[in-house]
Amino acid sequence: MQTDSPIHYSIIPISPEAHLYEVRCRIKKSDPAGQHLSLPAWIPGSYMIRDFAKNVVQLSAETENGRALTSTRHDKSTWAIETCNEEIILTYQIYAWDLSVRSAHLDSTHAYFNGTSVFLQVLGQEDQACSVELLPPHGQSYADWRVATSLPTQDINEHGFGLYQADDYDDLIDHPVEMGEFTRAVFEAGGIPHEIVVSGRHDADMARLCQDLTRICEQHLRLFGELPTIERYVFLVMVVGEGYGGLEHRASTSLLCSRDDLPRKGKDDISDSYRSFLGLCSHEYFHTWNIKRIKPAVFTPYDLRQESHTRQLWAFEGITSYYDDLALLRTGLITLDSYLELLGQTATRVWRGRGRFCQSVADSSFDAWTKFYKQDENAPNAIVSYYAKGTLLALALDMSLRKFSDNRISLDDLMRLLWKEYGKPGKGLNEGEIETLAAGLIDHDLSDFFQRYLYGTEDLPLNEFLSVIGIEFKLRAADGSDDRGGKPAPSKNKKAAPAWLGARLSSDPAGARITHVFSQSPAMQTGLSAGDVIVAVNDLKTDKQKLGKMLHRYQPGTRLHLHAFRRDELMRFEVSLADAPKDTCYFLPADSATDEQKTKRDSWKSNSGVLT
Ligand SMILES: [Zn+2]
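The sequence shown begins at 988 in the numbering used here and counts up by one.
What follows is the structure in structure tokens.
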């Protein structure tokens, strides 16, 4: 296909059976000193070095007249092409066998890729517009394949194959592409067409999905007042047996979910798993503003060669996580009780780890690359999640803004300010700037707040913050290993919580495998470690389930002798069970709430924005 773009790519799933794409990249004017090309080391939104160049196979370069050019490796992600005054054409293959939202996947059932995995960046020409031709795999068995992507179209056929365009490299890599025989449904929000594209085997109620997503999208649109300028928005959903994940993009999102998360025809209740799926959609759509456009200065532009540290991820992931479920409440898709259950589960995730006393949320943001994204068995003791504690911090900030402004100003206003003055004009936020803007909105010094809860490791006094809207925060002991919090203790177990060993267990053919040992727990004191497999308690064979039941039965103070394998060595431990810590959280509307608190609760539950 002919195009005048200075840089033109074409991509074809050349061999779905071997999981190979073939990409051709034509560069009209190359660097006279020798053109360098590279693939990103990471994908925006997922803060881990992934070195996508490792999947490049068989790269070759030639001139437009077919003269072969030498290419040499410059570093792990970069190739250097020999000096040449003519147009350069590169041909290379990409191995794609990672079914995640972060990279690329290809087999005979579908093709999915992020630009970061497949499009070499022409160094020195990152700002140039480029065109991309998307081609179907060869063969009759792929005749029904279609394309779904938010890439702006230029000249495509009825199946969506053909020519697309991007403003620059940053734009090119921000529109993931799905090809295959998916289900597609269309709805409108804010006058812009929205698509939901579902790949993988499923029997989802597409009409219901459209109806619920319309409400969520309109909710966020109303909060910010407008949608950024986009042609259309696409929810790309990959359905698998068991999976969960999402990644935000400027005009689309890639989601991975379990088959059972999606609503079935003929059912109109909201299951817990459908509620999480809607929360995920809500989360990624909110990112269309908060991180894709309102972003840290260090991300404008992204340095995709190496880690890019910021202490601000709490604002982009924490605030987004706060609004994802709040939007479900505000739309009326879930009740206040249901919302408080989700909030309680988030708080429980924070309270379950003593790592919250070792790492501040700001440091958790900064170290995301090496800690949050590379969690090991010691994670609960060493780190705090900038998502979970960030959500609570956003809630506390919202309550503080309401309190100090006599309910005139809320976090909604801060988000609108961030959109108008930073996101929309494309101005990045420097470290600490969000804190200053929040304080400026209410003309009140918030430095103590941020010092304690963002840069410090103090627990948020949630009762104090939530008294503004008459909600109470409660703590109790966990009722067994499956207790995720969010609700009061089941009445049958009110009198006694299980005795505490202080280890998280998983099933193992030989017994109960320890995945995590919590600090200051009986398990740690006696020397049990992650990886140990407990095979017997008091000389009787055990497993995860039996051990769980036993803890329910025993009183704190009971001494047990355990046998466990560490590697292939049998070891013996004496352990004295303890009282379970109060690390399980839930929230309740206060019985004693005054009319004033209830009025403020109603205003928090409703969106203060208007669609402009
Ligand atoms: Zn997110």
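Glycine residues also receive a C-beta, built at the ideal position from the N, C-alpha and C atoms.
Determine the closest residue to D1566 out of P1509, E1418, R1554, with distance taken between C-alpha atoms. P1509
Shortest alpha-carbon distance to R1054 belongs to which of E1074, F1039, S1064? E1074
Quick one: Cα of D1256 to Cα of E1418, how far? 43 Å
Rounded straight-line distance, which links the Cα of T1050 to that of A1067: 15 Å
Figure out for me which residue from A1191, C1012, E1213, L1242 has the closest Cα to the Cα of G1253. A1191
Going by the C-beta, is I1278 closer than 8 Å to any heavy atom of ligand 1? yes
Considering only residues of the same chain and omitting the five flanking positions on each side of G1535, which have a CB-CB separation below 7 Å? For G1535, the CB contacts under 7 Å within the same chain, skipping 5 residues up- and downstream, are G1467, S1468 in chain order.
Any heavy atom of ligand 1 within a distance shorter than 8 Å of the CB on H1236? No, the Cβ of H1236 stays beyond 8 Å of every heavy atom of ligand 1.
Status (buried if at least 16 other CB within 10 Å, exposed otherwise) for G1178: Counting Cβ neighbours within 10 Å, G1178 comes out exposed, since fewer than 16 surround it.
DSSP state of S1137, grouped into three classes? coil
Considering only heavy atoms of ligand 1, does any lie closer than 8 Å to the CB of G1266? no
Does any heavy atom of ligand 1 sit closer than 8 Å to the C-beta of G1410? Remark: the shortest separation between the CB of G1410 and any heavy atom of ligand 1 does not fall under 8 Å.
Can we count G1032 as close to ligand 1, meaning its CB is less than 8 Å from some heavy atom? yes
Could you check which residue in V1562, Y1541, G1544 has the C-alpha nearest to that of A1551? V1562
Quick check: is any heavy atom of ligand 1 less than 8 Å from the C-beta of L1333? For the sequence presented, residue 1333 should be read as Thr rather than Leu. Flag unset: Cβ of T1333 not near ligand 1.
Buried or exposed, going by whether 16 or more other CB atoms sit within 10 Å of the CB of K1041? Exposed, by the Cβ-count rule.
Give me the residue from K1411, W1356, Y1440, D1363 with the minimum Cα distance to V1348. Y1440
Per DSSP, what kind of secondary structure is S1186 in: helix, strand or coil? strand
Kindly indicate which three-state DSSP category A1580 falls into: helix, strand or coil? Three-state DSSP puts A1580 in coil, outside helix and strand.
Using only the alpha-carbon positions, how far apart do T1318 and R1013 sit? 48 Å
Under a three-way DSSP split, which group does V1088 fall into? coil
Just to confirm the assignment, what range does the alpha helix (DSSP H) spanning D1248 have? Run containing D1248: none; DSSP gives neither H nor E here.
What residue ranges within the stretch 1371-1433 form continuous alpha helix (DSSP H) runs of no fewer than 4 residues, ordered along the chain? 1375-1391, 1398-1405, 1420-1429
Beta-ladder partner(s) of W1487, from DSSP: DSSP, once it has assigned bridges, lists A1565 as partnering W1487.
Considering F1498, what are the terminal residues of the beta strand (DSSP E) in which it resides? Looking at the sequence shown, residue 1498 is not Phe but Gly. Per DSSP, G1498 belongs to the beta strand (DSSP E) from 1498-1504.
Cβ-based burial, R1554 [other Cβ within 10 Å; buried from 16]: Exposed, by the Cβ-count rule.
Is the closest heavy atom of ligand 1 to the C-beta of H1207 under 8 Å? no
Stretch-stretch touch, CB-based, cutoff 8 Å, three pairs: the stretch 1569-1587 with the stretch 1326-1341: yes
Can you tell me the Cα-Cα spacing of P1056 and M1035, whole angstroms? Note on identity: in this sequence residue 1056 is Leu, with Pro being the wrong assignment. The straight-line gap from Cα to Cα measures roughly 33 Å.
Length of the line joining the Cα atoms of R1540 and G1518: 25 Å
Rank V1164, D1142, G1111 by C-alpha distance to the C-alpha of T1136 and give the top, closest one. Selected option, being the one with the closest Cα: V1164.
Is the beta carbon of H1431 within less than 8 Å of some heavy atom of ligand 1? No.
Which stretch, first to last residue, makes up the alpha helix (DSSP H) that contains H1207? 1193-1211
What I want to know is whether the C-beta of T1307 ends up closer than 8 Å to one or more non-hydrogen atoms of ligand 1. yes
Return yes when the C-beta of G1232 is under 8 Å from any heavy atom of ligand 1, and no when it is not. No.
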